[in-house]
Each structure stands twice: as C-alpha cells, then as structure tokens.
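Enquirer: Numbering (this note's numbering), first residue to last: 1405 to 1490.
Think of the CB as a built atom: it goes at the ideal place given N, C-alpha and C, for glycine as much as any other residue.
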C-alpha cells in the first residue's frame, strides 16, 4: 500500500480532538485507511475512510490519493447513527 502522509491541518485536528476528549493515535488512523469498515468516494479524487471508534462514534478520515502517496486532509468523529446504516 502507498505511504500515508498527514497534512498540517490533519495533525492539528488530532490535537484539537484530544482537547475535546477524543484521543486518537496515528496508528489507529492509518489502520482506518488500510482496513476501513466503509469507504465513500467523493469528487476531486477524495475518499472518506470510516471505522468504528466506540459504541457511539465512527472515525471519518478524508484523504486524497495521488500517484505516490495518500494524503490525510482531515478527520473527524461522527455519530454512528448518522453514518452507519443497519
């Protein structure tokens, strides 16, 4: 698989989320990209990788895939009830 790089915004978002009680490590984010529960393709070659974070939340990682690597643009937690369809 391609190398995964984090934008400055994505790195700062990890810190912002930690300040709000959502602690994420880069390994979990990378695992979300490599082994997602769900993938959504968007315009402009963007992809959202989604994975269960806990009983109530999913992690959504917005990336852009270029020829040499995958760039993590941003990431955010979302309510499972909104993003998971049963």
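Measuring CB to CB, does residue 1463 end up less than 9 Å from residue 1414?
Expert: For the purposes of this step, residue 1463 is taken as residue 59 along the chain shown, with counting starting at 1. For the purposes of this step, residue 1414 is taken as residue 10 along the chain shown, with counting starting at 1. Going by C-beta atoms, residue 1463 is not nearer than 9 Å to residue 1414.
Enquirer: Would you list the one or two residues that DSSP bridges to residue 1454?
Expert: Sequence index remark: in the chain shown, residue 1454 carries index 50 (1-based). DSSP lists 1442 and 1464 as partners of residue 1454.
Enquirer: Whose C-beta lies closer than 7 Å to the C-beta of residue 1442 among residues of the same chain, with five residues either side of it excluded?
Expert: Translated into positions along the chain shown, residue 1442 becomes position 38. Contacts found: 1454.
Enquirer: Bridge partners for residue 1410 per DSSP, in chain order?
Expert: In the chain shown, residue 1410 corresponds to position 6, counting from 1. DSSP, once it has assigned bridges, lists 1476 as partnering residue 1410.
Enquirer: Determine the closest residue to residue 1465 out of 1456, 1483, 1452 and 1432, with distance taken between C-alpha atoms.
Expert: As a working note, residue 1465 is residue 61 in the chain shown. Looking at the Cα atoms, 1452 is the closest of the given residues.
Enquirer: Determine whether the beta carbon atoms of residue 1476 and residue 1420 lie at a separation below 9 Å.
Expert: Counting from one through the chain shown, the residue named residue 1476 turns up at place 72. Counting from one through the chain shown, the residue named residue 1420 turns up at place 16. Their beta carbons are not under 9 Å apart, which means residue 1476 does not touch residue 1420 by this criterion.
Enquirer: List the DSSP bridge partners of residue 1469.
Expert: Reading the chain shown from its first residue, position 65 is the one you call residue 1469. Among the bridge pairs identified by DSSP, residue 1469 is matched with 1474.
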